[in-house]
Structures are given as structure tokens and as C-alpha cells.
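First up is the structure itself, then whatever we jot down about it.
In my numbering, the protein residues as written are 46 to 582.
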């Protein structure tokens, strides 16, 4: 055999030997790095692919910066209308998120990418609340006023959209950062966690029954004390704040039980939980979701079951979509009138289950919907989800100067979130209350009511420290999402319960941004303990 750098002879027709050099390399050709060392060609291709992706990300990020800056400055200078600026920023947001999600889908040879926390957060926190629902502000004025929406696009709304784009960029940079990879490796290789996590989906009946029983007692106790859901009495929420934290934790065990049963039912194990138990738990969660008076709690149990089936079988049940749709309709036809009665009826009885359901089904408020009522539900749904206008009011308020006395310490609340989660109010009596939504209603909106208003996490972080806080806050969110995905998504029953138990907080970023870290530090220990008891070795 002749080496590449040696000459080779061939006989000619005349019988002589002709000496020739091998073909020179093509112009511009560079041997793949590592090929000379005999690396696996597949490894080399993957390295080249990652290099191309990094270069593509750099170019797209630069393009994103140029486009957003150009559009916003053009609107500030009056070269384009504010409405055009809002449309442009919304389209840029949707395009950027579509690019990031598609790149993630191609990068991961993983069929579960649709339930990656960063993908779900992109859709729920960004696309739904600040993307496609911005179409609301371009509908006829009479339609907007009928659902209480502001019919004019303001400069503050465009600035809020700028902050939303900063948050989306920061979340994805945090998710893709080397820091997130390092943290994920440290957590996933932690021998202590690996020893705690259970692998089998075989449930312990006693602990399952105990979890459901504790959740039922917590809910009935909250109703009896007057601190459950929308039926709560405002003064009692403060008077009993030392105890409501534990009632909330106990109540969450119902959803934990539903997750564990759904994971076991759709698993490949031979011994499955009987189907009636799964459907009974599902009905239990839906009924108490209706009882709470919060529309989101009606459809959430169906989504939990659907996601658990997708996790175990890579199939999302179609019936879940229909169930969630019916839940949304029920929320607007039953819960909305109930909320009106709750504050207008002096004889409202909110300390018994029968009293609450009697108010919901009262024929004076529970009417047969007309065609117009049904057609208005999608518009009401969009107006409730979209936070562009309501969040922009906080941006305007923050730019007016210092906040009045008694306002929340937004930045300090974020730093102290671990302490807020773990230190009982019995010990820390001056611990701040989670009433930022009420403060926003009364101080920013100027409404003298007891209603709580969601300001959006971007407005919260803007109060905390401006654009830098928005970037840093969502950068950390991206790191946490990557850690949960890499460390807990695959690993058996215990890690799956931890993943799905925290999924809601990871994808629906609360308007009170500090609640993200409160949930992280409060629910993680609880889920670790519960999974150890629920599942067999």
C-alpha cells in the first residue's frame, strides 16, 4: 500500500512507467478537525453541526438586536405609528421563539421536546400573553370596550413588548448557557438525590390514600375557616396567614396524587392502578377547581393527565383538548357569575361546600347561555390572557418616580424568596404578605377594590431594577428550566413526579416573580419526601 504523500507508478502503453502526484486538495478544503486523529466520523459531524448552530445563533441574535432597536427607535422618532411598532415587535417575538424552538427540536433527538419547560414557557408566558393575543388591540373599538380592553396602543405598551423580547432572549440564553449545563451535571450526578429517587411506578396504597385525605382535609379546612379560593374573606387571609401556607401545601397533595396515579396508569408496568381510581381523582380535582372560583384550576387536571400519558406513551389524548375547551366554557358561564354574586350578595355563604355550590347554581345567576354569550367567550378568554396593556400601566407608573410608602420591596423579595418559602410566619412575624396583585390594583390602577391584578413578571422585574433585572431574572429561569429537564425528566417515578410537580411554576411565570423561587424552594423538598413515600423501591 502506498502512503498518501508518496508517488505511484503506472505502466504506459509503451511499457514505460509514468510518475504522477496524487490530486491536490480542492481549493478552500479544510480537513475536519479531529479527522487526522482517527475520531469517529459521527462525532466529527456532530461537532461541525454544533459549530454551525453556534454561528447561526450569533447571526440570529445580532439580527434580533438590530430589528428590535430599529423598530423601537423608529416608533420613538415618530417615523412609524405606535400600532405598527406593536405589530412589528409581536411578529419579531413570534419569529424569534419559533426559531429557537425549531433549533431545539433539531438539536435534540428527543421526541419529548414539546414538553420541555423552555418550550412550554415560550408558548404560555410569551406567545399567549404577549404574542398572538395582541390582535385584541386591532379589533373594533366597541368590541374592545365590551370586554373592558383599552382601544388604543400606547408607547408604554411598546416598551413593555421590548422588555418581553429581552426576557425571551435571556431565558433562551440561560437555557443554552454553559452555566446551565454545568448546574445540570452537578444535580444529575448528585449521589444523594439518586439514592432518594424511586424508580418503580408501583404505588403504595396507604400513602396514596393519605395524600388524598390530607388534601381533602386541607381544602375543607380552608373553606370552613373562610380562606379557600375566591370565597375567601379578605380580613381572614391576613389574620390566618400563619396557617394558610400549610393549608396550601396540603391542598397541593391532591394534584401530586393525580400525577402519580396517571404516571403509574400509563406506564408499562404490569400492575396498574384501576381506571376508576384515576377518573375519580380527576373528577375530585376538577370539582374543587370549580369550587375555588379560579377558571384555570378547572382545566389543569385534564392537562396533567394528558401530559403524563404523553410522557409514558408519547401520545397526547385527543379527549383532553375537548375537556379543556369545555372547562374554559364552564369557567366563563359558571365562575364569572359566581364571582359577581360573591361580592354583591350580602347573604353569600362561603364557609360550606354546599353554600358555595348553591351560589354557583343559583337560577338567578346561572342562566342558559345565548348564542352571543358563547361567541363572546373566545374574546373574553383573549382579553384575560393578554397582559400587554395592563402590564404597561405599571411601566408608566414606575417611570414617574419613586414608589409610595408601603409599596413592596420588589428586588429584596426576590433575594429573600428562599427564606420566604422555608421560614414559617410563626417565627418570622414580619414576613411580607403575597398581596402584590392587590397593591397593583389599588396603587397603580387606582381601583378601591379587593381584586388582585396580574401585572406580568416583566413589570414586576422592571419595578425591581429595570431592564437589567428583566434580563437577569429570566436568565436564571432558563438555567432552572435546563436543570429540571436534564436532571429530572428521565430517571424513574421519583424524578418524573418532581418534574411534573414543578412544571406549572416553570412554564407559567407568575406575575409576582418572586413566587417562582418560593415555589422552587418550597415544593422541591415536599415532592422529594412525597415521592419517597408514594412509590415502592
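Backbone N, C-alpha and C define an ideal beta-carbon position, used for all residues, glycine too.
These numbers were taken from a predicted model, which means no experiment stands behind them.
query                                                                                                                                  : result
Among 268, 557, 182, nearest to residue 399 - alpha-carbon criterion                                                                   : 268
Cross-strand partners of residue 248 (DSSP beta bridge)                                                                                : 580
Element boundaries [alpha helix (DSSP H), containing residue 152]                                                                      : 127 to 152
Closest by C-alpha distance to residue 524, when choosing among 156, 225, 148, 450                                                     : 225
Limits of the alpha helix (DSSP H) - the one that residue 325 falls within                                                             : 320 to 337
Beta-carbon proximity list for residue 512, same chain, < 8 Å, skipping 5 on both sides                                                : 208, 211
Helix, strand or coil at residue 421 according to DSSP, with G and I counted as helix                                                  : helix
Rounded C-alpha distance that separates residue 478 from residue 514                                                                   : 22 Å
Residue 444 beta carbon less than 8 Å from that of residue 502                                                                         : no
Other residues of its chain near residue 3: CB distance less than 8 Å, five sequence neighbours each side excluded                     : Given a span of 46 to 582 for the chain in the structure shown, any question on residue 3 remains unanswerable.
Ranges of the alpha helix (DSSP H) found wholly within the stretch 191 to 223, counting only runs of at least 4                        : 200 to 221
Residues near residue 138 by beta carbon distance below 6 Å, same chain, minus five either side                                        : 176, 210
Residue 457 - containing alpha helix (DSSP H), residue span                                                                            : 455 to 460
CB of residue 229 within 8 Å of CB of residue 564, strictly                                                                            : no
Inter-residue Cα distance where the pair is residue 227 and residue 215                                                                : 18 Å
Contacts around residue 385, its chain only, beta-carbon distance under 6 Å, and the 5 residues preceding and following it disregarded : none
Euclidean distance between Cα positions of residue 450 and residue 456                                                                 : 16 Å
Cβ-based burial, residue 97 [other Cβ within 10 Å; buried from 16]                                                                     : exposed
Candidates 377, 372, 349, of which the one nearest residue 362 by Cα                                                                   : 349
For residue 220 and residue 245, the rounded distance between their alpha carbons                                                      : 30 Å
Outcome for residue 264 when other beta-carbon atoms lying within 10 angstroms are tallied against a minimum of 16                     : buried
Same chain, Cβ closer than 8 Å to residue 101, five either side skipped, listed in chain order                                         : 148
Proximity below 8 Å, CB of residue 281 to CB of residue 294                                                                            : no
Run of the alpha helix (DSSP H) containing residue 384, from where it starts to where it stops                                         : 381 to 389
Contact the stretch 308 to 323 vs the stretch 353 to 372: 3+ CB pairs below 8 Å                                                        : yes
Distance between residue 379 and residue 392 (C-alpha atoms, nearest Å)                                                                : 19 Å
Buried versus exposed call for residue 235 [16 or more other C-beta atoms within 10 Å across all chains shown]                         : exposed
Assumed close pair residue 558, residue 518 - CB separation to whole angstroms, cut-off 8 Å                                            : 6 Å
DSSP state of residue 50 mapped onto helix, strand, coil                                                                               : Note on residue 50: pLDDT 43, under 50, position unreliable in the model; no value is reported.
Inside the stretch 337 to 381 only - alpha helix (DSSP H) runs reaching at least 4 residues                                            : 341 to 358, 363 to 375
Residue 170 to residue 550 span [Cα, whole Å]                                                                                          : 11 Å
Rounded C-alpha distance that separates residue 542 from residue 249                                                                   : 15 Å
Whole-Å CB distance - residue 539 paired with residue 243, under 8 Å assumed                                                           : 4 Å
Nonlocal neighbours in the same chain, by C-beta distance under 6 Å from residue 575, ignoring five residues either side               : 301
C-beta atoms of residue 548 and residue 162 nearer than 8 Å                                                                            : yes
Cβ contact (3+ pairs, closer than 8 Å) linking the stretch 195 to 203 and the stretch 126 to 141                                       : yes
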